[in-house]
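Quick notes on the structure that follows.
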Amino acid sequence: MLIRKPSDIPSSAISSKDRYLNRRRFLRGAAGTIAATGAAALGAERLGEVFNPRITALAGTKLETVKSPLSTTGEDLTSLEDITHYNNFYEFGVGKGDPARNASGLPTRPWTVRVDGKVKNPKTFDIDTLLKLRPLEDRIYRHRCVEAWSMVIPWVGYSLSEFIKQCEPLSTAKYVQFLSYYDKSVEKWTSESTIFWPYSEGLRMDEAMHPLALLTFGLYGEVLPNQDGAPVRIVVPWKYGFKSAKSIVAVRFLDKEPPTTWNEQAPNEYGFYSNVNPNVDHPRWSQKTDRRIGVPFYAQRRTTLMFNGYGEQVASLYSGMDLKKNF
Ligand code: MTE
Numbered sequence: 062m063l064i065r066k067p068s069d070i071p072s073s074a075i076s077s078k079d080r081y082l083n084r085r086r087f088l089r090g091a092a093g094t095i096a097a098t099g100a101a102a103l104g105a106e107r108l109g110e111v112f113n114p115r116i117t118a119l120a121g122t123k124l125e126t127v128k129s130p131l132s133t134t135g136e137d138l139t140s141l142e143d144i145t146h147y148n149n150f151y152e153f154g155v156g157k158g159d160p161a162r163n164a165s166g167l168p169t170r171p172w173t174v175r176v177d178g179k180v181k182n183p184k185t186f187d188i189d190t191l192l193k194l195r196p197l198e199d200r201i202y203r204h205r206c207v208e209a210w211s212m213v214i215p216w217v218g219y220s221l222s223e224f225i226k227q228c229e230p231l232s233t234a235k236y237v238q239f240l241s242y243y244d245k246s247v248e249k250w251t252s253e254s255t256i257f258w259p260y261s262e263g264l265r266m267d268e269a270m271h272p273l274a275l276l277t278f279g280l281y282g283e284v285l286p287n288q289d290g291a292p293v294r295i296v297v298p299w300k301y302g303f304k305s306a307k308s309i310v311a312v313r314f315l316d317k318e319p320p321t322t323w324n325e326q327a328p329n330e331y332g333f334y335s336n337v338n339p340n341v342d343h344p345r346w347s348q349k350t351d352r353r354i355g356v357p358f359y360a361q362r363r364t365t366l367m368f369n370g371y372g373e374q375v376a377s378l379y380s381g382m383d384l385k386k387n388f
């Protein structure tokens with residue numbers, strides 16, 4: 062296998078897909094990038110065949126993508142360094158730097174997603190089947206956490222609706238629940254918090270079917286780093302980040318609202334909807350502004366936009382609803 066250090070790669074060899082990869086990323090060194098170079102050449106569809114079945118880190122494996130018309134434009138991307146070192150993934154610790162330090166043991170192959178509840182037939186999808194289901198798109202989205210910080214992330218995935226169609230939900234399915242991987246021998250930090258595991262999140266069916274809701278496999282053109290929810294997570298860009306469950310292993314279709322992690326923890330602070338809303342403060346802090354991670358201190362503060370700036374696309378989902386009550 063040809064192993065090249067990033068400094069050996071001439072700029073002429075960097076494809077357009079790579080153009081947004083910033084220098085800091087290259088400086089992180091060859092380790093992660095090179096581990097999977099052989100698989101990268103084969104394309105995403107064969108990842109499962111290349112690696113040892115108990116592989117825990119595919120970091121650096123490239124994904125074949127197409128550009129998406131649904132991208133946000135005009136904002137600088139947050140660096141890969143910040144996206145991967147300022148995380149919330151409580152299964153791997155409560156500190157922002159803990160997931161990057163602790164998530165390397167997450168076994169991302171083999172990986173399956175179980176589908177059950179109000180569906181024609183319960184099914185199990187292998188991760189490599191999911192990767193092939195639809196062309197993978199590069200979608201740049203604003204990412205906004207309820208803790209009032211934000212990032213701009215180039216995700217890779219396809220509309221969750223494409224996956225939901227394959228699940229064949231019944232007409233009685235009104236909600237969809239996402240459950241994350243939970244194994245306390247791997248995620249021993251789960252005992253540090255009072256959360257009921259596994260991490261659970263949910264959407265109303267029409268929200269889940271909205272084209273912006275993303276079934277996400279990667280970022281910056283490569284498979285998701287473990288700390289960002291490998292090998293597959295949800296991203297709902299108009300909602301606070303906690304609605305976007307990481308490392309999902311089960312999807313359940315229900316006729317009623319599912320219990321969700323943060324709503325169970327503190328129902329007065331975290332509602333089921335949790336649409337980004339500058340007019341509804343968190344009981345302990347304001348949501349009017351947020352702090353953009355990775356930019357100089359004087360430029361960090363920005364005014365938070367309703368629905369995180371996606372109002373034109375999603376506001377109609379909530380017409381007639383009191384968004385102060387349904388926060
Ligand atoms: N999913 C799981 N399984 N566990 C978590 O702790 N944290 C949520 C969400 N998904 C979380 C999760 C929260 S609070 C946020 S803000 C986002 O993931 C953070 O995503 P990021 O670390 O990729 O920025």
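Take the working numbering: the final residue in the sequence shown is number 388, and no numbers are missing along the way. For each residue, glycine too, the CB sits at the ideal point set by N, CA and C.
Considering only the alpha carbon of each residue, which of the options lies closest to residue i?
i: E248; options: N148, Y379, P160, E125; result: P160
i: T122; options: F278, T251, N338; result: F278
i: L264; options: V312, G381, S140; result: V312
i: E373; options: H271, E253, G166, S129; result: H271
i: K128; options: S261, L197, K317; result: L197
i: F153; options: L131, E142, W250, I225; result: W250
i: T364; options: G282, N329, D351; result: D351
i: P183; options: E262, N324, F314; result: F314
i: G166; options: D244, P215, R362; result: D244
i: T327; options: I256, S305, L285; result: The sequence given here places Ala at residue 327; Thr does not occur at that position. When only C-alpha atoms are compared, the closest one is I256.
i: Q361; options: T139, A120, G135; result: T139
i: N287; options: R345, E268, S241; result: S241
i: M367; options: S377, Y219, F358; result: S377
i: E223; options: R162, K193, N340; result: K193
i: E325; options: T169, P259, R162; result: P259
i: A234; options: C206, A269, F303, E208; result: A269
i: L124; options: T185, I354, R195; result: R195
i: N336; options: T190, Y379, L221; result: Y379
i: N163; options: D289, K349, R294, N340; result: D289
i: E142; options: G381, G355, G370; result: G355
Going by other Cβ atoms of all chains shown within 10 Å of its Cβ, with 16 needed for buried, is residue i buried or exposed?
i: A100; result: Reliability fails at A100, whose pLDDT of 32 lies under 50, so the model's placement of it is uncertain and the value that follows must be treated cautiously. Flag for A100 reads buried.
i: F112; result: Below a pLDDT of 50, predicted positions are generally treated as unreliable, and F112, at 35, falls in that range; no measurement from the model is reported.
i: Q227; result: exposed
i: E229; result: exposed
i: R84; result: With a pLDDT of only 31 at R84, under the threshold of 50, the placement of this residue in the model should not be trusted; the figure read from the coordinates follows. Flag for R84 reads exposed.
i: K386; result: exposed
i: G158; result: exposed
i: G389; result: Within the shown structure, residues of the chain are numbered from 62 to 388, placing residue 389 beyond reach of any answer.
i: P298; result: buried
i: E330; result: exposed
i: L280; result: buried
i: D383; result: exposed
i: V375; result: buried
i: E392; result: Lying outside 62 to 388, the shown extent of the chain, residue 392 is not represented and no answer is given.
i: W323; result: buried
i: V217; result: buried
i: F333; result: buried
i: D199; result: buried
i: D316; result: exposed
i: V174; result: buried
i: P319; result: buried
i: T94; result: In this prediction, T94 scores a pLDDT of 30, lower than 50, which makes its location untrustworthy; the coordinate-derived value is nonetheless stated afterwards. With 16 or more Cβ atoms within 10 Å of its Cβ, T94 is classed as buried.
Mind checking whether the beta-carbon of residue i lies closer than 8 Å to any heavy atom of ligand 1?
i: Q326; result: no
i: G290; result: yes
i: I201; result: no
i: Y334; result: no
i: H343; result: no
i: W323; result: yes
i: P298; result: no
i: C228; result: no
i: K249; result: no
i: S165; result: no
i: V217; result: no
i: P320; result: no
i: E198; result: no
i: K307; result: yes
i: Y260; result: yes
i: I225; result: no
i: P160; result: yes
Who are residue i's beta bridge partners in DSSP?
i: A311; result: R175, L240
i: G263; result: Q238
i: N336; result: K300
i: F186; result: V174
i: E283; result: K123, L280
i: C206; result: W210
i: I295; result: L276
i: G218; result: E198, T277
i: T364; result: T350
i: V180; result: P230
i: H343; result: W346
i: K128; result: D199
Is the CB of residue i under 9 Å away from at least one CB in chain D?
i: A164; result: You won't find chain D in this structure, because it holds only one protein chain.
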